[in-house]
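Step one of this worksheet: look at the structure below.
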Amino acid sequence: MIETSQLQTLVAVTKAKSFSKAAEDLHVTQSAISQSIKNLEKKLEVKLFKRSGKKVVLTPEGEKLYALANGFIAKLDDTLSEIQADKDTMSGKIRIGTLTGFGKSWLAPIMLDYAKKFPEIKVGVNLGFQEELVREFENYRLDFLILPEEALPNVGEKILLGDEKTVLVFPDNEDFKLTKDTTLEELSSYPTILFEDEGDGLYMRWCRQRFGRIPKMVNGRYIINSHGNMLQAVQRGLGVAVVPKHVIGRSYYKDKVVTFDDLLDDKKEVSNGKIYLVYHKGSDELLRVKKTLEVLTSSETPLTQV
211 MIETSQLQTL VAVTKAKSFS KAAEDLHVTQ SAISQSIKNL EKKLEVKLFK
261 RSGKKVVLTP EGEKLYALAN GFIAKLDDTL SEIQADKDTM SGKIRIGTLT
311 GFGKSWLAPI MLDYAKKFPE IKVGVNLGFQ EELVREFENY RLDFLILPEE
361 ALPNVGEKIL LGDEKTVLVF PDNEDFKLTK DTTLEELSSY PTILFEDEGD
411 GLYMRWCRQR FGRIPKMVNG RYIINSHGNM LQAVQRGLGV AVVPKHVIGR
461 SYYKDKVVTF DDLLDDKKEV SNGKIYLVYH KGSDELLRVK KTLEVLTSSE
511 TPLTQV
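Quick note: the sequence shown, position 157, residue 367 per our numbering, numbers continuous.
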């Protein structure tokens with residue numbers, strides 16, 4: 211395998227037309243230059259230079275390699291300079307991965323404002339399934355992950371963003387007369403909008419925390435794996451539903467449905483678990499990563515208040 215240093219030596223000797231002058235330019239000894247060229251010629255099994263008076267010039271084979279090496283070294287230098295500049299400037303790309311529902315309701319609006327504020331930054335928001343997102347992060351194709359605690363990868367620096375709070379919502383009409391004294395049995399008799407057919411996890415966890423147990427039966431009326439569409443179905447009078455607070459907080463329907471929490475005196479919120487931000491160790495030395503961390507953990511965009 212040809213080494214980059216050997217290509218740099220080839221380029222330097224070609225431009226200097228002298229081993230001794232190339233050694234001065236690269237701040238190494240002439241013997242080091244000679245040995246580098248000798249090793250390169252040995253690998254290729256061809257002569258790269260020939261004597262022409264007091265100068266050394268390329269052989270036809272050397273000219274071919276020089277054309278490649280000179281372009282490669284120039285591109286490498288440009289890339290390294292760009293990387294160094296990116297370290298201390300708000301340029302480059304930020305790639306963030308999270309779950310679809312959480313991304314649409316909380317992350318996407320924040321990053322939209324962020325991209326507008328820093329036009330030189332390229333922002334990529336990847337909404338998907340947790341297994342795929344973790345794999346992309348571990349392969350350094352994502353700079354940040356935002357996931358529930360149980361889905362976190364084994365690598366990376368972790369910052370707690372807060373708890374994902376959930377709330378039960380129901381239509382604002384006479385068919386749904388829920389009160390603070392409504393029992394679990396009474397609640398489960400109402401038509402219910404579910405995220406999943408085989409036991410909506412949010413709905414079940416909400417019931418367990420609010421009533422200490424889960425319902426034996428659920429009157430499933432409408433099933434759709436979109437919290438935004440679940441709110442629309444509630445507003446249309448199809449049934450009750452449990453959704454994350456960050457969804458209803460940014461939804462068009464937030465003032466068109468009733469929340470069960472509004473009926474209670476204790477205002478004790480139900481948690482669906484902790485949400486963490488994960489980033490690669492040491493990457494916060496880059497200005498764009500540091501700024502993104504500040505935005506995502508800022509008191510102005512807290513997960514706990516959406």
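Even for Gly, the Cβ is constructed at its ideal location relative to N, Cα and C.
Check	Outcome
Segment limits, beta strand (DSSP E) that includes Ser262	Phe259 to Ser262
Where Gly302 falls: helix, strand or coil (DSSP)	strand
Residue span of the beta strand (DSSP E) that contains Lys455, given as start and end	Per DSSP, Lys455 belongs to no beta strand (DSSP E); it is in the alpha helix (DSSP H), Lys455 to Gly459.
Contact between the region 400-409 and the region 419-439 (3+ Cβ pairs under 8 Å)	yes
Cβ-based neighbour list, Gln515, same chain, cut-off 6 Å, excluding 5 preceding and 5 following	For Gln515, the pLDDT reaches just 46, beneath the cut-off of 50, and the residue's location in the model is therefore unreliable, leaving the point undetermined.
Assigned secondary structure, Tyr432 (DSSP; H/G/I helix, E/B strand, else coil)	strand
Contact between the region 436-444 and the region 500-510 (3+ Cβ pairs under 8 Å)	no
Nearest neighbour of Lys285, chosen from Glu255, Leu217, Pro381 and Phe328 [CA to CA]	Leu217
Buried versus exposed, by CB contacts within 10 Å (16 or more), Asp410	buried
Three-state secondary structure (DSSP) of Gln515	Residue confidence for Gln515 is low, a pLDDT of 46 falling below 50, so the modelled location carries little weight and cannot support an answer.
Through-space distance from Phe259 to Val266, alpha-carbon basis	6 Å
Test item: CB-CB of Leu362 and Leu352 under 8 Å	no
Per DSSP, the bridge partner or partners of Leu268	Phe259
8 Å CB neighbourhood of Lys540 in its chain, flanking five on each side removed	Missing from the structure shown is residue 540; the chain here goes from 211 to 516 and no further.
For Tyr276, the three-state DSSP class (helix, strand or coil)	helix
Ile331 - partner residues in DSSP beta bridges	Gly302
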